[in-house]
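A.B. asks:
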Amino acid sequence: MKIYITYRPFFVKIFKMRNLYFLLFLSNFFMVSCSTPSVQSIKNLPSKESNTLVTKEEHEWMEKFFKEFFLGGASIYTLFGTKPISAEMLIFATEEECQQSTLRYLEKEGIKGKEREEALSLSMKCFREDDFSKNWEKWISFFNQYPKTPFLFAKHPTLSEKVWSGHIANVQETIWTLQKHYDLFKKELGFDFDPVSVTMDFKNEDSDFWKQVFSNHLLTGIVYGFGYKNSYFFDLLMKLENSSETLSPPLTSKTQGRSKGSFLYTLADLRLPRFRSFETLFNEDPVLEKYKLERKMIRDKLNDSNFFKMVFLQLTGELPNENNAKKIN
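Our numbering puts the first residue of the sequence shown at 619, with every later residue one more than the last.
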């Protein structure tokens, strides 16, 4: 069964050759990215609950992680918007596994000679420089100091033992989404549940509730904030692709959100959440329009100089109300 997620983009250096070597590299196994975002001036931030300071060393890896996690995908819409849950890929593979997977891909694509050597070299360079998953683990350890945070971080398994989904959940938005679609979730899952309890159990990797949700295209699309209609038709599309039926309804859709990978991780280059829209007039999809408004709001509130501080305070629940992002209904 296909996983209803968007893999972390694999950073590709553009050679003046026929192909971008790894635009689709390891889509069935794992992807890595390499980047070196700049580190701004250090500002110690006190914690109300633990009186802990963010040290210079912590600030460096933390800011890099914040930029990759929140500006590299759609997670910032969970942090400052109405998107209940967002995910980024966590890669837990050895260098040898990366090399072997790269070689299998190159052989499959028929890439040989100098191109093969350069592609393999680039892949291994990116793998060695990527510290996203390591920084995730550091952040989780640090974040445990803030038990009253309005956000939850958790990793959940995928079909590959080397790839996990690194999730962030907006507690309030997740509870409300489960409550709003309670009857649908109950029908799909086959049992009753308490929206508050299962949300607070989000960090439990063995949660049967979340395992079933993330193995269901319809329910995953809803908690990812893609809208009921888009999630329904995407689920139907996946079922039709795996069906032996010769006749199927003609479904019209378009992938929304920018598909080109951006590795600058800046607010100016902030992409919209990527999802499949099944609206007839694609530019009038209410889900897309909502995220356009939220993107504008985020850009109005955040800038390069206050990004780290605003993200940190929002995550820890210490951002003053007057600075908090206004929710869009």
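Ideal Cβ positions, reconstructed from N, Cα and C, are used throughout, including at glycine.
Only a predicted model underlies this, so the values are computations on that prediction, with no experimental measurement involved.
Measuring straight from C-alpha to C-alpha, what distance separates Thr817 and Gly839?
C.D. replies: Thr817 and Gly839: Cα-Cα distance of roughly 16 Å.
A.B. asks: Identify every run of the alpha helix (DSSP H) within the stretch 808 to 868, keeping only runs that are complete inside it and at least 4 residues long; order them along the chain.
C.D. replies: 813 to 818, 826 to 831, 835 to 841, 846 to 859
A.B. asks: Roughly how many angstroms separate the alpha carbons of Arg734 and Gln717, rounded to a whole number?
C.D. replies: Distance between the alpha carbons of Arg734 and Gln717 is about 12 Å.
A.B. asks: So what's Ile729 in DSSP terms, helix, strand or just coil?
C.D. replies: coil
A.B. asks: Under 8 Å, do Arg917 and Leu885 count as touching if we go by C-beta distance?
C.D. replies: yes
A.B. asks: In terms of residue numbering, what span does the beta strand (DSSP E) encompassing Lys752 cover?
C.D. replies: Unbroken run through Lys752 is the alpha helix (DSSP H), 750 to 761; no beta strand (DSSP E).
A.B. asks: Can you say whether Ser815 is buried or exposed, counting buried as having 16 or more other CB atoms within 10 angstroms of its CB?
C.D. replies: exposed
A.B. asks: I need the straight-line Cα distance from Thr696 to Lys730, nearest angstrom please.
C.D. replies: 43 Å
A.B. asks: Closest by CA to His774, which one among Pro813, Lys829, Glu902, Tyr909?
C.D. replies: It is Lys829.
A.B. asks: For the candidate residues Asp748, Val831, Thr673, Thr873, whose alpha-carbon lies nearest to that of Thr795?
C.D. replies: Val831
A.B. asks: Exposed or buried, what is Asn834 when buried is set at 16 or more other beta-carbons lying within 10 Å of its beta-carbon?
C.D. replies: Buried is the call here.
A.B. asks: Name, in chain order, the residues that DSSP records as bridge partners for Ala772.
C.D. replies: His785
A.B. asks: Could you pull out every residue in the same chain whose Cβ sits closer than 7 Å to the Cβ of Pro938, ignoring the five residues on either side in sequence?
C.D. replies: Within the same chain, Pro938 has no close Cβ partners at all.
A.B. asks: Phe803 and Val789: beta carbons closer than 8 Å?
C.D. replies: no
A.B. asks: Could you say which of Thr720, Phe893, Asp812, Trp679 lies nearest to Tyr909 if we only look at CA atoms?
C.D. replies: Phe893
A.B. asks: Going by C-alpha to C-alpha distance, which of Phe698, Val781, Phe851 sits closest to Glu912?
C.D. replies: Phe698
A.B. asks: Looking at C-alpha atoms only, which residue of Ile703, Lys743, Pro702 is the closest neighbour of Thr720?
C.D. replies: Looking at the Cα atoms, Lys743 is the closest of the given residues.
A.B. asks: In whole angstroms, give me the CA-to-CA distance for Thr723 and Tyr764.
C.D. replies: At residue 723 the sequence reads Tyr, which differs from the Thr that was named. In a straight line, the C-alpha of Tyr723 is about 42 Å away from that of Tyr764.
A.B. asks: Can you give me the start and stop residues for the alpha helix (DSSP H) that Phe930 sits inside?
C.D. replies: 925 to 933
A.B. asks: Please check if any C-beta of chain C sits within less than 8 Å of the C-beta of Leu807.
C.D. replies: The structure shown contains no chain C, having only a single protein chain.
A.B. asks: At the level of alpha carbons, what is the spacing between Val841 and Thr767?
C.D. replies: 19 Å
A.B. asks: Taking the alpha carbon of Gly808 as the point to measure from, which residue in Asp826, Lys821, Ile793 has its own alpha carbon closest?
C.D. replies: Asp826
A.B. asks: Going by other Cβ atoms of all chains shown within 10 Å of its Cβ, with 16 needed for buried, is Glu907 buried or exposed?
C.D. replies: exposed
A.B. asks: Nearest to Asn848 by alpha carbon, out of Leu858, Glu714, Glu897?
C.D. replies: Glu897
A.B. asks: Starting from the C-beta of Pro813, find all residues in its chain whose C-beta is less than 6 Å away, skip the five residues before and the five after it, and write them out in chain order.
C.D. replies: Residues Ile793, Leu796, Gln797 of the same chain have their beta carbon placed closer than 6 Å to that of Pro813, with the five preceding and five following residues left out of the count.
A.B. asks: Can you tell me whether DSSP reads Ala692 as helix, strand or coil?
C.D. replies: Secondary structure at Ala692: coil, using DSSP grouped into helix, strand and coil.
A.B. asks: When the distance is taken between beta carbons, is Glu806 closer than 8 Å to Leu854?
C.D. replies: no
A.B. asks: Pull up the distance between the alpha-carbon of Leu933 and that of Phe761, whole angstroms please.
C.D. replies: If I take the Cα positions, the gap works out to 9 Å.
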